[in-house]
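Visitor:
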Amino acid sequence: MKKKKTIAIAAAAFAVVNLSAIDVSAAKIKDDIFDVTWSTKTKYEWTEENESKSKTEVKTLITARPDPETMFGMQLKFKQSNNREKSTESNKITLEDVWLERNLSNTLTARVGSMPLTIGPGLWLDGDGLAGLGATWKPDQSNTFYVVAGKDSQEDTVKNIKSVSPVYGDPTNPDKVTGTKLNYETEGSTSNFQAYAWEHEYSKGNYGLYIGRQDISKYRGAFASYALAKNLVFTTEYVKNIGVTYNGKDTTAKVAELKLGKTKKTGDTQFVATYLNSDPGVFVSADYTAWDDNYNEETGFKGIGATINHRISKSVVLQLEHFWGEFKATGESWQNTGIKVTSKF
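Taking the working numbering, I'd label the letters of the sequence shown as residues 8 to 352.
#1: Let me know if E305 comes out buried or exposed under the rule of 16 or more other beta-carbons within 10 Å of its beta-carbon.
#2: Would you tell me roughly how many angstroms separate the C-alpha atoms of T67 and S61, rounded to the nearest one?
#3: What's the gap between the Cα of G274 and the Cα of K48?
#4: Select from Y282, I69, D222, E208 the residue whose C-alpha is nearest the C-alpha of A202.
#5: Under a three-way DSSP split, which group does Y295 fall into?
#6: To which residues does DSSP link W131 through a beta bridge?
#7: Which residues mark the beginning and the end of the beta strand (DSSP E) in which P123 is found?
#8: Of all the options Q342, D286, T242, which has the alpha carbon lying nearest to the alpha carbon of K256?
#9: How long is the line joining the alpha carbons of K321 and I249, rounded to whole angstroms?
#10: Count the other CB atoms within 10 Å of the CB of E108; is the residue buried (16 or more) or exposed (fewer)?
#11: How would you call W331, buried or exposed, if buried means at least 16 neighbouring beta carbons within 10 angstroms?
#12: How would you label G338, buried or exposed, when you count the other beta carbons within 10 angstroms and need 16 or more for buried?
#13: Taking only runs of the beta strand (DSSP E) that begin and end inside the region 258-313, which ones reach a length of at least 3 residues, in chain order?
#14: For D147, count neighbouring Cβ atoms within 10 angstroms of its own Cβ and tell me buried if that reaches 16, exposed if not.
#15: Between K309 and K347, is the Cβ-Cβ spacing less than 7 Å?
#16: If you draw a straight line from the C-alpha of I311 to the C-alpha of Y282, how long is it?
#17: Identify every residue that forms a DSSP beta bridge with F354.
#18: Would you say the region 198-214 touches the region 222-231, given that touching needs at least three Cβ pairs under 8 Å?
#19: Looking only at C-alpha atoms, which of Q277, T344, T101 sits nearest to V324?
#20: Per the DSSP calculation, S340 is bridged to which residue(s)?
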């Protein structure tokens, strides 16, 4: 089984490298006002239960600057997931973000709409579709303060699109197919969201604190990064949810990573070792954590991971990763192998 998995991984890696090399997955249009970017990301997973999954994600980001102090942004995402063993497939088209940003002064920026937001390494928060009002205040070169309040998702996701039957609508030709009837479901629920964060940067890295809320979940967190050497960086984040308990205690999550190397230039390679420990229910949804491929809301996760990032070209990065661990609520062992290619032009 392991031999077959290795062959499959190698074949998939070869495929995505060659697709990326001919630049069929992304493009960019840019002028003095508009900036349009298409990006694709594909991931293949194999579990120890011989269950294979694939995920394909396509994003289109459009930004416009009518003047140096104002920016409009909009992002549309298409996501397709397949589980071959269970013969299931899901499709989602989501208008993730539509926002307006304005520089109110040299130190203060305001943003309104549905926006992306990342705090620290992204253990609690690295997501899109946060609808509300946000502000960033940077009083000096070292300190930054973030404030965001609103709703944490939008009711505008279309999923599980299926062709049900042809449509016959031409009265002069009853047998002529004029369209396709689509059956689809909408998905989305909203809850109150608030986040307040502070970040301090210095020569060796950064550190910061935050508090936040999603529905009944109340978060308190801290993060830091430190350069141990020129190309060796340690990052960590810890978050506690005092609104949801597990085994009679507040739920927590923690992550620590050691990163060797960078992927700034073509041919650069980075190696990452990860430790992740998250309780069941600590996050409202896996959609808002950077470790969404490894976190399960019902069971949590505890384990380690190894990742290799390699820059194939100026605009293409290939990622190979493997995680070992267990679901905390059940004790069931779990592994997955992923291949991800990200292209941005």
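For glycine and all other residues, C-beta sits at the position ideal for the given N, C-alpha and C.
All values reported here derive from a predicted model rather than from experimental measurement.
Guide: Looking at the coordinates:
#1: Looking up residue 305 in the sequence shown gives position 298. Exposed.
#2: The sequence position of residue 67 within the sequence shown is 60, counting from 1. The sequence position of residue 61 within the sequence shown is 54, counting from 1. Spanning the two alpha carbons is a distance of roughly 20 Å.
#3: In the sequence shown, residue 274 corresponds to position 267, counting from 1. In the sequence shown, residue 48 corresponds to position 41, counting from 1. Taking the straight line from one Cα to the other gives about 19 Å.
#4: Stepping through the sequence shown from its first residue, residue 202 is reached at position 195. Nearest of Y282, I69, D222, E208 to A202, Cα basis: D222.
#5: Taking the first residue of the sequence shown as position 1, residue 295 is located at position 288. Three-state result, Y295: helix.
#6: Walking along the sequence shown from the start, residue 131 turns up at place 124. In DSSP, W131 forms no bridge with anything.
#7: For this step, residue 123 is matched to residue 116 along the sequence shown. Going by DSSP, P123 is part of the beta strand (DSSP E) stretching over 115-125.
#8: Here residue 256 corresponds to residue number 249 of the sequence shown, with the count starting at 1. Distance from the Cα of K256 is smallest, within the candidate group Q342, D286, T242, for D286.
#9: Taking the first residue of the sequence shown as 1, we reach residue 321 at position 314. Taking the first residue of the sequence shown as 1, we reach residue 249 at position 242. Inter-residue distance for K321 and I249 is about 43 Å (C-alpha atoms, whole angstroms).
#10: Locating residue 108 in the sequence shown gives position 101, counting from the first residue. Label assigned to E108: buried.
#11: Walking along the sequence shown from the start, residue 331 turns up at place 324. So W331 ends up on the exposed side.
#12: Start at 1 with the first residue of the sequence shown, and residue 338 comes out as number 331. Exposed.
#13: The beta strand (DSSP E) runs of length 3 or more contained entirely in the region 258-313 are, from start to end of the chain, 276-285.
#14: The residue you call residue 147 lines up with position 140 of the sequence shown. By the 10 Å Cβ count, D147 comes out exposed.
#15: Working through the sequence shown from its first residue, we reach residue 309 at position 302. Working through the sequence shown from its first residue, we reach residue 347 at position 340. Result no, Cβ atoms of K309 and K347 do not sit closer than 7 Å.
#16: Taking the first residue of the sequence shown as position 1, residue 311 is located at position 304. Taking the first residue of the sequence shown as position 1, residue 282 is located at position 275. Straight-line Cα distance between these residues: approximately 4 Å.
#17: The shown model of the chain, from 8 to 352, leaves out residue 354, and the question about it has no answer.
#18: yes
#19: To locate residue 324, count along the sequence shown from 1; it is residue 317. Nearest option by C-alpha distance: Q277.
#20: On the sequence shown, position 333 is the one that residue 340 refers to. Beta-bridge pairing links S340 to E333.
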